[in-house]
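Down below is the structure, laid out as structure tokens.
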Amino acid sequence: MNGGYQRMCEEFVLSNGLRVVAEYIPHFPSVSVGLWIGAGSMFETKEESGLSHFVEHMLFKSTENRTTREIAVEMDALGGQVNAFTSKECTCYYAKVIAEHLDRAMSLLSDLLLCAKMDEEEFERERGVILEEIAMGEDTPEDLVYDLLAEAYFGDHPLARPILGTHEQIASVTRQALMAFRKKHYRPDNTVLAIAGQFDLEQFKAMAERYLGAWRAEGETHMPEPVNGCSGEVRRRKKDIEQVHICLAYPGVAQDSEDLYPLTVMNNLFGGGMSSRLFQHIREDMGAAYSVYSYPSTYANCGTMTIYAGTSPELAQDVIDALHHEIQRLMEDGVTDEEFAMAKDQLKVSYVLGLESSSSRMSSIGRSMLMRGRAIDPDDVVKKIEAVTKADVEHVIQSVLTKPCAASVVGRNVDQLKVL
19 MNGGYQRMCE EFVLSNGLRV VAEYIPHFPS VSVGLWIGAG SMFETKEESG
69 LSHFVEHMLF KSTENRTTRE IAVEMDALGG QVNAFTSKEC TCYYAKVIAE
119 HLDRAMSLLS DLLLCAKMDE EEFERERGVI LEEIAMGEDT PEDLVYDLLA
169 EAYFGDHPLA RPILGTHEQI ASVTRQALMA FRKKHYRPDN TVLAIAGQFD
219 LEQFKAMAER YLGAWRAEGE THMPEPVNGC SGEVRRRKKD IEQVHICLAY
269 PGVAQDSEDL YPLTVMNNLF GGGMSSRLFQ HIREDMGAAY SVYSYPSTYA
319 NCGTMTIYAG TSPELAQDVI DALHHEIQRL MEDGVTDEEF AMAKDQLKVS
369 YVLGLESSSS RMSSIGRSML MRGRAIDPDD VVKKIEAVTK ADVEHVIQSV
419 LTKPCAASVV GRNVDQLKVL
């Protein structure tokens, strides 16, 4: 990490309590800035399902200062990226631009955040757009199987609910409910402003205060209950499609867990790439799937380890059996020195390469500040990866894969499959 990766990361707080994390990287030609809001599906009540995502859509409509068309024209004129996304744990509005356009990007983002009109006519139009987005997800089996897996794993917890909400919920929600949700969650003390790349720190401090310092808090955020564990269910959805989509989920680790990096190393060798066990056995040896992989997900107080495969209806049971066989083999035989060393090195290299864009650095420090209350130092991450031992990985294998598992399947004849 010492090979020329110059970095200066600073944290400060605006006069209204909004936290800012700034990472100056002089050799980057771009600058990325993002507003991270503690509003995602895990913070929604059942009656609020899908509202984090709905608010995100509405903020790109007209504001007190710009029409919807003017917003779109300005986004294109900036020439970089201006967009947003909603996840289970946050909503982010971001821009990646050349350094000289930073002030314009901040002007646009702050206008979207603070001055959106959210009028009734645009609300109704956007309701239709989101209902189409939900329908598209229903027609995308890989998205559907993940939504069903969340239901099977998390049960009644907010993490079980889809980020987009359900058709019934979005079709019936009122503009007043959307406004109330925004008021409750969109507050400076529930927001992080993150920036990374080439910029003048003192100028940015003044800019942040000018655009966002007058924002005042209203409402109180709803905090989700802790996740007690996997519900251990199987969810099935019959669809007349060419493939059967299969997902398994085991309890993983929380984002601050000491087991995070051992679990990630384990995932790399098990299903994280082309040399992984799942890929080599199920795709290369069996020729039974084009896509087969695994990945860990982490949240504030829980996590999951997910395994996915897509295959033909004729081979679906064979693939399910092969997944369980590989899980059992990993638990019984552990890992070899060679695959452990390769997986660990692969993790370190992919992490370091991921530092090579201002947007990835902004995302890392912004999300970390919002969810953990501090920005992650890349050198510390590399040290933690390097400190992982083979014994750590084998401990994680036993602690994760011996716990109850949830599953979902989508496709033809799924009622006949023995999944767990």
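Following our numbering, the numbering of the sequence shown begins with 19 at its first residue and continues without gaps.
Glycine included, each C-beta is placed from N, C-alpha and C at the ideal position.
Under the Cβ criterion (8 Å, minimum of three pairs), the stretch 162-179 counts as touching the stretch 416-428. According to DSSP, residue pairing for V39 in a beta bridge involves E29, A212. Excluding the 5 residues flanking it on each side, L77 has same chain C-beta neighbours closer than 6 Å at L130, A134, in chain order. As DSSP reads the structure, A424 sits in a beta bridge with A267. If you draw a straight line from the Cα of A102 to the Cα of K408, it is about 39 Å long. Taking one beta carbon from each stretch, the stretch 181-194 and the stretch 146-153 have 3 or more pairs nearer than 8 Å; the two touch. The three-state reading of DSSP puts F288 in helix, counting H, G and I together. Residue pairing for N101: DSSP places it in a beta bridge opposite Y112.
The three-state reading of DSSP puts M136 in coil, since its state is none of H, G, I, E or B. By the C-beta density criterion, K256 is exposed, having fewer than 16 other C-beta atoms within 10 angstroms. The beta carbon of V353 sits closer than 7 Å to those of L287, K408, V411, E412, all from its chain and outside the five residues before and after it, given in chain order. Taking C-beta atoms as the reference points, N34 and P206 count as a pair closer than 7 Å. In the DSSP assignment, the residues bridged to A327 are I264, V310. Residue state for S80 is assigned as coil, using DSSP reduced to three classes. Considering only V437, S417, V38, the residue with the shortest C-alpha distance to E220 is V38. Within the same chain, Cβ atoms closer than 8 Å to the Cβ of D258 are found at R430, the five residues on either side in sequence being excluded. Take G52, set aside five residues on each side of it, and the residues of its chain with a beta-carbon closer than 6 Å to its own are C110, Y112, A212, M380, G384, in chain order.
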